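S.K.:
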Amino acid sequence: MNTLLEAKGISKRFGGVQALHDVSLTVEPASIVGLIGPNGAGKTTFFNVLTGVYVPDAGTLTFAGQPLPAGQPHRVARAGLVRTFQNIRVFPQMSVLENVMVGFHGRTHCGLLGAWFKGPAVRREEREILEGAQELLEWVGLQSMAQRVASTLSYGAQRRLEIARALATGPRLLALDEPVAGMNGTERGHMTELILRIRAAGLPCWSSSMMCAGSRNCANASPSWTMGNAWPRERPPKFRPTRASSKPIWGTRPMAEPLLEVRHLAVHYGGIEAVCDLSLRLEEGEKVALIGANGAGKSSTLKALAGVVPFAQGSLSFDGEDWTRRPAWQRARAGLILVPEGRGGFPRLSIAENLQMGQMGRPDPAAMEKVYARFPRLYERRAQAAGTLSGGEQQLLALGRALLTRPRLLMLDEPSMGLAPQRVDEVFEVISEMVQTGVTLLLVEQNARRALELCDRALILESGRVVFSDHAAVCLASPALRAAYLGE
1 MNTLLEAKGI SKRFGGVQAL HDVSLTVEPA SIVGLIGPNG AGKTTFFNVL TGVYVPDAGT
61 LTFAGQPLPA GQPHRVARAG LVRTFQNIRV FPQMSVLENV MVGFHGRTHC GLLGAWFKGP
121 AVRREEREIL EGAQELLEWV GLQSMAQRVA STLSYGAQRR LEIARALATG PRLLALDEPV
181 AGMNGTERGH MTELILRIRA AGLPCWSSSM MCAGSRNCAN ASPSWTMGNA WPRERPPKFR
241 PTRASSKPIW GTRPMAEPLL EVRHLAVHYG GIEAVCDLSL RLEEGEKVAL IGANGAGKSS
301 TLKALAGVVP FAQGSLSFDG EDWTRRPAWQ RARAGLILVP EGRGGFPRLS IAENLQMGQM
361 GRPDPAAMEK VYARFPRLYE RRAQAAGTLS GGEQQLLALG RALLTRPRLL MLDEPSMGLA
421 PQRVDEVFEV ISEMVQTGVT LLLVEQNARR ALELCDRALI LESGRVVFSD HAAVCLASPA
481 LRAAYLGE
């Protein structure tokens, strides 16, 4: 059999939007294929059709010579076609080891009675699953984190955990949706190395990431993996940025009446210290970037300021008042607004309903008209479910909703994550327009260069601590900082 996957004439429509039209392609065994296109081109929609999340309006899908069951993701996965997601989908409250063990579920033979009586065959199978999960974690470099809760892992580690869980299903074809979104240059290199090692181990790997410009053949190898097979033991080296300074270096900008002041902030997740002794002052209208590797504590800082996660210690002053114990909804109503990583939209509500949520019971037709004028694409699709938008369109929707909240301090967490370059330019153009109106900005952005070019100051975080702080131009001019944090 020369063709592993064949798609013929696949089409999918959402209301008046034609997401896919007559898509046909083939994937050969032991190959890497890149599915490339701008945001909104239909890449993730095609993945959703392929893996049974959506039922196509027209066309056929054949996998290993058999038709794929439309609308039945569990049967597609058991057939050996497994995917990861554009936005990470781990089980956040389960351990890292348990997340991988879940991947073996579709290949177990134990039924309800077997699980109840725990016979010798069941116990042997449980041992094999445990050993297989531990082996996969070692293979992707996460064995030391096996007992940690998955939500406490850094972004890059969660990406590797997702891939380890997918490999545990025994895939014949692995579909990766934006596997390097949100990563710096070093991390992207490590992920590329991991994907090539998966291919070398005998798995065809299909990626919608732009790092794959086309298909490449590799040596013939068995396209499946079963429990007990030996995996390569080598792992890519971990990224360890060079510490730029052993002490915080604060800028000299006068800040007599800050809009926001944080003193000695600490954030804990169980026994994990995500943020430690962080202090920050923001003047009205100032633009500050939080820079650091994945897992440095940037998102945890924003969530703590927004009231989404509690302070383990420290204090928060906003507009001259103590807001340390104020709930998230009060902070948002006062203008302390967070646009979270992953956009935080309501996927089943329409675009119009998502925007109305931003007004929080204070309807303002004139403001809504301004948002629609700024984002005509949102106006054209205002009746469409937000979950059917592309990643770039969802980010614009999140920014539009943020505008309607009347922000005084806008906190953006990775606004360009997973976006095509054209969409990144559009998003930064919108952010620039917002701050020109006097909105104070606290920006977390994996594209550190773009963030530093936009902002006045930068704080660099490492392991939950501020290790450097200065004017953005100073950070851009520092060769050591560029090498450590800008991937140069």
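Each residue of the sequence shown is one higher than the one before, starting from 1 at the first, in this note's numbering. Cβ coordinates follow ideal geometry from the N, Cα and C atoms, glycine included. Values in this document were obtained by computation on a predicted structure and should not be read as measured data.
1) Three or more C-beta pairs closer than 8 angstroms, one from the region 261-271 and one from the region 292-312: is that the case here?
2) From residue 175 to residue 159, what distance separates their C-alpha atoms?
3) Go ahead and label residue 364 buried or exposed: buried means 16 or more other beta carbons lie within 10 angstroms of its beta carbon, across all protein chains shown.
4) Quick one: give me the first and last residue of the beta strand (DSSP E) that residue 269 is part of.
5) Mind reading off the beta-carbon distance from residue 435 to residue 413? Whole number of angstroms is fine, and I expect it under 8 angstroms.
6) Which partner residues does residue 425 have in the DSSP bridge list?
7) Of the choices 2, 360, 295 and 439, whose alpha-carbon is the least far from that of residue 31?
8) Using DSSP's beta-bridge definition, name the partner residues of residue 339.
9) For residue 344 versus residue 327, is the C-beta spacing smaller than 8 angstroms?
10) In whole angstroms, give me the CA-to-CA distance for residue 489 and residue 390.
11) List the whole-angstrom C-beta distance separating residue 91 from residue 150, where the pair is believed to meet the contact cut-off of C-beta under 8 angstroms.
12) Please work out which residues of its chain come closer than 6 angstroms, Cβ to Cβ, to residue 375, disregarding the five sequence neighbours upstream and downstream, and give them in chain order.
13) State the DSSP-derived secondary structure class of residue 300, mapped to helix, strand or coil.
14) For the beta strand (DSSP E) containing residue 18, name the first residue and the last one.
15) Terminal residues of the continuous beta strand (DSSP E) containing residue 104?
16) Looking at the unbroken beta strand (DSSP E) that takes in residue 43, where does it start and where does it end?
17) In terms of residues, what are the limits of the beta strand (DSSP E) holding residue 118?
18) What are the complete beta strand (DSSP E) segments, minimum 3 residues, inside the region 165-194?
19) Apart from the five residues on each side of it in sequence, which residues of its chain come closer than 6 angstroms, Cβ to Cβ, to residue 81?
20) Per DSSP, which one or two residues make a beta bridge with residue 10?
21) Measure the alpha-carbon distance for residue 144 versus residue 336 and round it to whole angstroms.
22) For a minimum of 3 consecutive residues, which ranges assigned as the beta strand (DSSP E) are wholly contained in the region 430-483?
M.R.: Considering the structure as presented:
1) yes
2) The count along the sequence shown starts at 1 and reaches residue 175 at position 175. The count along the sequence shown starts at 1 and reaches residue 159 at position 159. Answer to the nearest angstrom: the Cα atoms are 13 angstroms apart.
3) Residue 364 sits at position 364 when you count from the first residue of the sequence shown. Classification for residue 364: exposed.
4) The residue given as residue 269 occupies position 269 in the sequence shown. Run containing residue 269: 260-269, per the beta strand (DSSP E) assignment.
5) Translated into the one-based positions of the sequence shown, residue 435 becomes position 435. Translated into the one-based positions of the sequence shown, residue 413 becomes position 413. At roughly 16 angstroms, the Cβ-Cβ gap does not stay under 8 angstroms, so residue 435 and residue 413 are not in contact.
6) Within the sequence shown, the letter at position 425 stands for residue 425. Bridge partners of residue 425: none, in fact.
7) As a working mapping, residue 31 is identified with position 31 in the sequence shown. When only C-alpha atoms are compared, the closest one is 2.
8) For this step, residue 339 is matched to residue 339 along the sequence shown. Answer by DSSP bridge pairing, in chain order: 412.
9) Against the sequence shown, residue 344 aligns to sequence position 344. Against the sequence shown, residue 327 aligns to sequence position 327. Not closer than 8 angstroms, so no.
10) Any property of residue 489 remains undetermined from this structure, which presents the chain solely from 1 to 488.
11) Position 91 of the sequence shown, counting from 1, holds the residue named residue 91. Position 150 of the sequence shown, counting from 1, holds the residue named residue 150. About 6 angstroms separates the two Cβ atoms, so the contact holds.
12) Taking the first residue of the sequence shown as position 1, residue 375 is located at position 375. Correct list, in chain order: 396 and 400.
13) Here residue 300 refers to the residue found at position 300 of the sequence shown. Here residue 300 sits in helix by DSSP.
14) The residue given as residue 18 occupies position 18 in the sequence shown. Residue 18 -> beta strand (DSSP E) spans 17-27.
15) Within the sequence shown, numbered from 1, the residue matching residue 104 stands at position 104. Element bounds for residue 104: n/a, residue is neither H nor E.
16) Counted from its first residue, the sequence shown places residue 43 at position 43. Counting along the chain, residue 43 falls outside any beta strand (DSSP E), though it belongs to the alpha helix (DSSP H) covering 43-50.
17) As a position in the sequence shown, residue 118 is number 118, starting the count at 1. No beta strand (DSSP E) contains residue 118, which DSSP labels as neither H nor E.
18) 173-176
19) Residue 81 sits at position 81 when you count from the first residue of the sequence shown. Cβ within range, chain order: 63 and 173.
20) Locating residue 10 in the sequence shown gives position 10, where the first residue counts as 1. Answer by DSSP bridge pairing, in chain order: 23.
21) Within the sequence shown, residue 144 is the residue found at index 144, counting from 1. Within the sequence shown, residue 336 is the residue found at index 336, counting from 1. When rounded, the distance between both Cα atoms is 38 angstroms.
22) 440-444, 457-462 and 465-471
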